[in-house]
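>
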Amino acid sequence: MNLMLLTRQALLLLTIVIGATVMSACVPNTADQTLAAEYYQSGTLIVDMRMTGTVQVARMQTTLDFASTRVAFAGQQSRSLQSTMVAMGFDQSSIDQFQQDVTGGSVVLPSPTPNANTSNFSVQQPTAQAPAQAPTPQAATNTPDPTAPRMENVAIAADVGDDDCALGTASQFTMDSQIVYLTARIFNTPANTTFTARWVRPDGQERSFDWTPDFAIDNSCIWMYIDQTDEPFVTGVWNATLSINGNITSDALSFRIDDVMADG
Numbered sequence: 048m049n050l051m052l053l054t055r056q057a058l059l060l061l062t063i064v065i066g067a068t069v070m071s072a073c074v075p076n077t078a079d080q081t082l083a084a085e086y087y088q089s090g091t092l093i094v095d096m097r098m099t100g101t102v103q104v105a106r107m108q109t110t111l112d113f114a115s116t117r118v119a120f121a122g123q124q125s126r127s128l129q130s131t132m133v134a135m136g137f138d139q140s141s142i143d144q145f146q147q148d149v150t151g152g153s154v155v156l157p158s159p160t161p162n163a164n165t166s167n168f169s170v171q172q173p174t175a176q177a178p179a180q181a182p183t184p185q186a187a188t189n190t191p192d193p194t195a196p197r198m199e200n201v202a203i204a205a206d207v208g209d210d211d212c213a214l215g216t217a218s219q220f221t222m223d224s225q226i227v228y229l230t231a232r233i234f235n236t237p238a239n240t241t242f243t244a245r246w247v248r249p250d251g252q253e254r255s256f257d258w259t260p261d262f263a264i265d266n267s268c269i270w271m272y273i274d275q276t277d278e279p280f281v282t283g284v285w286n287a288t289l290s291i292n293g294n295i296t297s298d299a300l301s302f303r304i305d306d307v308m309a310d311g
């Protein structure tokens with residue numbers, strides 16, 4: 048009996064020990080739990096960093112696209128301004144040199160002078176002035192003769208209308224352009240009046256064309272022209288003037304001929 052009792056007690060003790068060992072093996076280690084928590088936390092941080100980085104890259108790309116657009120727009124405006132200045136008679140080489148000087152920093156724009164300290168100031172009293180003298184009557188100036196021949200609205204144009212007046216004005220043409228018009232509104236010219244269009248090429252060579260109508264013109268437009276058959280077009284700035292009988296001449300009008308039409 049005693050032997051059987053001892054055997055049962057030994058088996059029970061062995062069962063308890065094995066059960067405790069199995070249970071201890073199923074319980075996670077504290078160090079393992081800490082490593083797992085840090086792993087999941089690191090994964091969350093990486094996801095957050097990727098999302099934040101994506102937003103920042105998108106913002107930087109938007110800023111870069113905007114800056115590129117503004118640079119392209121500024122370049123277009125610069126080319127348009129240069130073409131306008133050249134058409135007005137400015138020398139292209141002078142414009143290029145000035146642009147290089149500004150870009151290179153050799154041209155420094157003046158900065159405003161700081162205001163002087165005005166904490167201590169005195170009020171300046173106006174100086175007494177002598178009574179104003181009555182203006183001396185001026186002799187009457189000669190007024191233009193309204194019946195004398197004259198011209199108005201002289202313009203360079205790419206085309207004219209049915210009334211012989213310019214359909215707008217133009218200052219830029221290309222080597223593909225076939226014709227350039229010089230138009231004006233004429234007053235008080237009798238029959239057999241000679242109109243002369245004088246064209247000056249970029250190299251200084253001149254071509255002149257006369258027209259002598261056998262009828263009077265008053266308050267009507269006329270046009271004269273130059274085309275590729277009269278003078279082969281060359282690139283650069285041209286000038287044109289219109290005169291009446293060689294003694295009434297318009298101001299010189301400038302226009303530019305390019306290989307291709309400039310932007311803007």
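Residue numbers for the sequence shown follow this note's numbering, so the first one is 48 and each next one is one higher. Backbone N, C-alpha and C fix where the C-beta goes; we use that ideal spot for every residue, glycine too.
1. How big is the Cα-Cα spacing for Pro237 and Thr131?
2. Assuming Asp257 is part of the beta strand (DSSP E), what are its boundary residues?
3. Tell me the rounded alpha-carbon separation between Ala244 and Glu253.
4. What ranges does the beta strand (DSSP E) occupy inside the region 237–290, keeping only unbroken runs of at least 3 residues that lie completely in it?
5. Take Gln225 as the anchor and find which of Thr276, Phe145 and Gly151 has the nearest alpha-carbon.
6. Thinking just about the alpha-carbon of each residue, which of Met271, Phe220 and Tyr272 is nearest to the one in Ala134?
7. Exposed or buried, which one is Ile93 when buried takes at least 16 other CB atoms within 10 Å?
8. Just to confirm the assignment, what range does the beta strand (DSSP E) spanning Gln225 have?
9. Which same chain residues end up closer than 6 Å to Asn286 when comparing Cβ atoms and leaving out the 5 residues on each side of it in sequence?
10. If we count the other Cβ atoms within 10 Å of its Cβ and call it buried at 16 or more, is Arg232 buried or exposed?
11. Assess, as a yes-or-no matter, whether the region 207–222 is touched by the region 257–273 under the definition of 3 or more beta carbon pairs within less than 8 Å.
12. Excluding five sequence neighbours on each side, which residues of the same chain lie with their C-beta closer than 6 Å to the C-beta of Gln139?
13. Quick one, are the C-beta atoms of Thr259 and Thr230 less than 9 Å apart?
14. Does DSSP classify Met135 as helix, strand or coil?
By the coordinates alone:
1. If you number the sequence shown from 1, residue 237 lands on position 190. If you number the sequence shown from 1, residue 131 lands on position 84. Spanning the two alpha carbons is a distance of roughly 37 Å.
2. Taking the first residue of the sequence shown as 1, we reach residue 257 at position 210. That run of the beta strand (DSSP E) goes Glu253 to Trp258.
3. Translated into the one-based positions of the sequence shown, residue 244 becomes position 197. Translated into the one-based positions of the sequence shown, residue 253 becomes position 206. Whole-angstrom Cα-Cα distance: 10 Å.
4. 242–247, 253–258 and 267–274
5. Position 178 of the sequence shown, counted from the first residue, corresponds to residue 225. Selected option, being the one with the closest Cα: Thr276.
6. Against the sequence shown, residue 134 aligns to sequence position 87. Of the candidates Met271, Phe220 and Tyr272, the one whose C-alpha sits nearest the C-alpha of Ala134 is Phe220.
7. In the sequence shown, counting from the first residue as 1, residue 93 sits at position 46. The residue is exposed, with fewer than 16 neighbouring Cβ atoms inside 10 Å.
8. In the sequence shown, residue 225 corresponds to position 178, counting from 1. Taken as a continuous stretch (DSSP letters only), Gln225 belongs to no beta strand (DSSP E), as it is neither H nor E.
9. The residue labelled residue 286 in the question sits at position 239 within the sequence shown. Answer for Asn286: Val247, Ala299 and Ser301, listed in chain order.
10. Mapped onto the sequence shown, residue 232 falls at position 185. With 16 or more Cβ atoms within 10 Å of its Cβ, Arg232 is classed as buried.
11. yes
12. By one-based count along the sequence shown, residue 139 stands at place 92. If we look at Gln139 and ignore the five residues flanking it on each side, its Cβ neighbours are Val133.
13. For the purposes of this step, residue 259 is taken as the residue at position 212 of the sequence shown. For the purposes of this step, residue 230 is taken as the residue at position 183 of the sequence shown. No, the Cβ-Cβ distance between Thr259 and Thr230 is not below 9 Å.
14. For the purposes of this step, residue 135 is taken as the residue at position 88 of the sequence shown. In the structure shown, Met135 sits in coil (DSSP, three-state: anything other than H, G, I, E or B).
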